[in-house]
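Asks: Sharing a structure below in structure tokens format, with a few things to ask.
Residue numbers (the UniProt record's numbering): 1 to 108.
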């Protein structure tokens with residue numbers, strides 16, 4: 001799998017390019033060589049590059065700081081307009097710019 005991503009995905013490209021093997025970096029179930037945020041960025045890059053028209057993201061940026069999360073959300077919004085992105089998130093800010101948002105009663 002190549003690291004070709006749309007130009008705006010600088011945050012993801014930067015994180016993946018630092019890993020041994022890039023996108024092919026081996027993730028162990030307990031991975032002392034990667035932080036939870038790095039694992040999430042690698043998984044996100046792999047899913048976005050899969051070419052699928054529908055992507056399910058379950059807390060995909062929960063281990064990232066808010067600034068990085070904001071950057072990733074901008075990447076998703078600008079670069080993957082043709083995909084349906086179903087996102088589960090606890091941070092409302094993560095999904096506030098999505099076309100449709102559904103919340104639970106306890107979320108309000």
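Beta carbons are placed, not taken as given, at the ideal position from N, Cα and C, and that holds for glycine.
Quick check: the Cα distance between residue 48 and residue 55, rounded to an integer number of angstroms?
Replies: Using only the alpha carbons, I get a separation of about 8 Å.
Asks: Helix or strand or just coil, what does DSSP make of residue 64?
Replies: Reduced to three states, the DSSP call for residue 64 is coil.
Asks: When you compare only the Cα positions, how much space is there between residue 44 and residue 59?
Replies: Each residue's alpha carbon lies about 11 Å from the other.
Asks: Check for me: the alpha helix (DSSP H) holding residue 115 runs from which residue to which?
Replies: The requested residue 115 is not part of the displayed model; the chain covers only 1 to 108.
Asks: Report buried or exposed for residue 76, applying the criterion of at least 16 other Cβ atoms within 10 angstroms of its Cβ.
Replies: With 16 or more Cβ atoms within 10 Å of its Cβ, residue 76 is classed as buried.
Asks: Report the option in 33, 90 and 51 whose CA atom is closest to the CA atom of residue 105.
Replies: Looking at the Cα atoms, 90 is the closest of the given residues.
Asks: In whole angstroms, give me the CA-to-CA distance for residue 73 and residue 25.
Replies: Going by the C-alpha atoms only, they are around 23 Å apart.
Asks: Under 8 Å by Cβ, that's how I've got residue 66 and residue 93 pegged, so tell me the actual separation to the nearest angstrom.
Replies: Right, the Cβ-Cβ distance comes to about 7 Å (below 8 Å), so this counts as a contact.
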